[in-house]
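Residue numbers (my numbering), protein chains in the order written: chain A, 326 to 718; chain B, 326 to 718. Just so you know, even glycine gets a beta-carbon here, dropped at the ideal spot from N, CA and C. A short worksheet on the structure shown next.
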């Protein structure tokens, strides 16, 4: 057995592990420092009561003869797939177009196995590292086409660069830049994918933060069902980062551009073979999150995190060029010539704030930092204060 | 984007989905039939109270500021890794050699991505379909070497057939044949893997059913740490088929046979990239299962399922040549010339019992049926009675 040679082409450590190690090293040297972490985009507010109660009930039922449940369907509980179809997609999908999973990262990885060998994969640069890393490990670095998204192109990539791709990953609103593609831009993308026979994979993990009147899903735009897979998640939407629950939509209308056969049966086969379903307790939590009461509670949480981002943003704007904090709780800070890791170190050393270096999200993230508004209100206020008084050397 | 051409080489439907459809079709025609399903190996006894309570507490804590937890380590909670190291492996591993996952199937799939392109994968025939299907979908059918395990070779494959393999999947005790490899046989395998530079992947999902004094893990035999990965699971051990929790051991001593570099860091990277950790609630359930109280409760359940298998076996032995029911709750029935699907249909039509066709576990499973002892005691008694009076045409 040889080593999968693609491992030579990915960074040795996952971005957030590297940040974590730097943070721990700093704390060893400065044990009394009051560090504020604005690094990982991890939910911090207590779980909505409705959701916790549903999961307690589910766990309690499991200890009874009548309530015990073993293997569920690999694709997820029908009730949950129906609820997602209705509450997230206004009934435009049947439940067998919706697949429950334990997290977006897992499904991004599994999608890589769906693609045939030799597939070319275009990825927004910067973006959440899993698209790039899973592409390289599975298909090799030559499979990857980066699509720079910078202030210069208003974070909308040059479609010409995606012409050689088979698959285009987009994340809208984007992690880390916060950029939401509007109806017109999504329409452009869909027309492009239709004309040039691409499959779009849209990660909508942050769409619950998007305001009314703006697109929450690529399927809000005509024609998307023929060209797009969408990944959604309860992680940021309902505080499920530790509970693990997500979904993937593979519409019946979506076909392999070359073979013209539907992708949905292959995805069903893949999920049924490489997976055994999400935890039934997490799924009952997901159902509760989509109840009227649950939705009301999690909407308040989303608003809370966005308010955090607004507070941080006010702190930053005096000193830095700041994007985002509107469609996600993320700020994207332009560093004006300083490298991401230099700025990371300086912010850590002098301001005791842990940011995420933009370069970790791709080469076009160099010269940026991401700040996360997930956290306690007081932490954000304190961070905003520190940032308002801070200048890079 | 082209279809991954390997999809053409796997059966269109996953085995148990196909059985399920046959069963539903039969019930439509015979709505009053009192069907007994001895098909899927799915736990049926209520969850141990200790485990359910730990998960309720975990869910309840999530709704409090102090108890909320977001992302855990991708590799799993340290406490749980320590508990597995201590309770399952008598402290012979450090926690960073143990990786928590959401199920054996998921890790079998992810291991396929660890292997370099061109790897040859040897698989016991018959065995749990995921090894074969994930190998074909990921690496193509030419990557697979089948290792027939039949009554003729006492279910121990010819090592010569595995000489061209890079990886050897073994499942001990085996699903579906129940065959446990003893110390001497494991030692033979380890010597073979050492001499011929193979990596063994040992699925020990059923080892909790194995009697004292027999090997519960490949690591019970000297030298295994240098050549073997082991996959363990709470599914059958503690009734977690719906809750989803498993682990994989990748010892520090295990190296790629060609490069002589350790595999553990790549597996850490792979898990951190393609995965975001198991549900924290499931992990707290797993911790409770490994407490003294939890272990006492789940040992009773394992004994109960084995008693079921013994009851079934007594029912079968008058009419059929029957293997197993000793190291797992599975019986492996030899059909003396009848095909698996013929026997499946006949048992369904005339005896109203749903079995699993042996052919579904590989070509050497043709001419066998698997019967599962997971179920209620009364069901097993009724099934045993029906089987005792049954003869194939």
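Is any beta-carbon of chain A found at less than 8 Å from that of residue i?
i, result
"residue 601 of chain B", "yes"
"residue 411 of chain B", "no"
"residue 604 of chain B", "yes"
"residue 430 of chain B", "yes"
"residue 583 of chain B", "yes"
"residue 595 of chain B", "yes"
"residue 627 of chain B", "no"
Please report the residue range of the beta strand (DSSP E) in which residue i lies.
i, result
"residue 473 of chain A", "469–473"
"residue 557 of chain A", "553–558"
"residue 573 of chain A", "571–574"
"residue 461 of chain B", "No beta strand (DSSP E) contains residue 461 of chain B, which is instead part of the alpha helix (DSSP H) from 455–464."
"residue 647 of chain A", "646–649"
"residue 696 of chain A", "693–697"
"residue 494 of chain B", "492–496"
"residue 524 of chain B", "524–528"
"residue 424 of chain A", "423–426"
"residue 670 of chain A", "Counting along the chain, residue 670 of chain A falls outside any beta strand (DSSP E), though it belongs to the alpha helix (DSSP H) covering 665–671."
"residue 543 of chain A", "Careful: residue 543 of chain A lies outside any beta strand (DSSP E) and carries neither H nor E."
"residue 376 of chain B", "That residue, residue 376 of chain B, is in no beta strand (DSSP E); its alpha helix (DSSP H) goes 374–386."
"residue 449 of chain B", "446–450"
"residue 358 of chain A", "Residue 358 of chain A -> no beta strand (DSSP E), and no H or E assigned at all."
For chain B, find out if any of its Cβ atoms is closer than 8 Å to the Cβ of residue i; answer yes or no.
i, result
"residue 438 of chain A", "yes"
"residue 520 of chain A", "no"
"residue 630 of chain A", "no"
"residue 332 of chain A", "yes"
"residue 621 of chain A", "no"
"residue 548 of chain A", "no"
"residue 462 of chain A", "yes"
"residue 377 of chain A", "yes"
"residue 528 of chain A", "no"
"residue 586 of chain A", "yes"
"residue 427 of chain A", "yes"
Give me the chain A residues within the contact set of residue i, using Cβ-Cβ distance strictly less than 7 Å, ordered along the chain.
i, result
"residue 372 of chain B", "387, 388 and 393"
"residue 719 of chain B", "No answer is possible for residue 719 of chain B: it lies beyond the span of chain B, which begins at 326 and ends at 718."
"residue 455 of chain B", "598"
Run down chain A in chain order and give the residues with a C-beta less than 9 Å from the C-beta of residue i.
i, result
"residue 380 of chain B", "380, 381, 383, 384, 385, 387 and 606"
Give the interface partners of residue i over in chain A, defined as CB-CB distance under 8 Å, in chain order.
i, result
"residue 329 of chain B", "438, 439, 440, 441, 442 and 591"
"residue 458 of chain B", "598"
"residue 434 of chain B", "435, 438, 598, 599 and 600"
"residue 369 of chain B", "393 and 395"
Starting from residue i, trace the alpha helix (DSSP H) both ways and give me its first and last residue.
i, result
"residue 517 of chain B", "508–521"
"residue 345 of chain B", "340–354"
"residue 641 of chain B", "617–642"
"residue 605 of chain A", "605–614"
"residue 407 of chain A", "403–412"
"residue 436 of chain A", "429–439"
"residue 591 of chain A", "589–599"
Which residues of chain B have a Cβ atom closer than 8 Å to the Cβ of residue i, listed in chain order?
i, result
"residue 397 of chain A", "567"
"residue 503 of chain A", "Those within 8 Å of residue 503 of chain A in chain B number zero; the least Cβ separation is about 20 Å."
Thinking residue i and residue j are a contact (beta carbons under 8 Å), I'd like their distance in whole angstroms, please.
i, j, result
"residue 319 of chain A", "residue 591 of chain A", "Look at the range of chain A in this structure, 326 to 718, and you will see that residue 319 of chain A is not part of it."
"residue 373 of chain A", "residue 622 of chain A", "4 Å"
"residue 571 of chain A", "residue 426 of chain A", "5 Å"
"residue 624 of chain B", "residue 579 of chain B", "Not confirmed; about 30 Å, so no contact."
If you measure from the CB of residue i, is any heavy atom of the ligand FAD nearer than 7 Å?
i, result
"residue 342 of chain A", "Looking at this structure, you won't find the ligand FAD or any other ligand, since it has none at all."
Taking C-beta pairs closer than 9 Å, name the residues in chain B that residue i reaches, listed in chain order.
i, result
"residue 365 of chain A", "395 and 396"
"residue 512 of chain A", "What residue 512 of chain A touches in chain B: nothing, since even the nearest Cβ is about 21 Å away."
Please compile the residues from chain B whose C-beta is within a distance smaller than 7 Å of the C-beta of residue i.
i, result
"residue 614 of chain A", "Correct list: empty, because the minimum Cβ distance to chain B is about 12 Å."
"residue 553 of chain A", "Here the premise fails: no neighbours, minimum Cβ distance about 12 Å."
"residue 450 of chain A", "Neighbours of residue 450 of chain A on chain B: none; closest Cβ ~17 Å, over 7 Å."
Closer than 7 Å, Cβ to any Cβ of chain A: which residues of the segment 684–708 of chain B, in chain order? none
Of all the residues that make up the segment 482–496 of chain B, which are near chain A by a beta-carbon distance shorter than 8 Å? 491 and 492
The segment 561–579 of chain A: positions lying closer than 7 Å to chain B by Cβ: 566, 567, 568 and 569
With 9 Å as the limit, tell me which residues of the segment 339–351 of chain A have their beta carbon closer than that to any beta carbon of chain B; keep them in chain order. 339, 341 and 342
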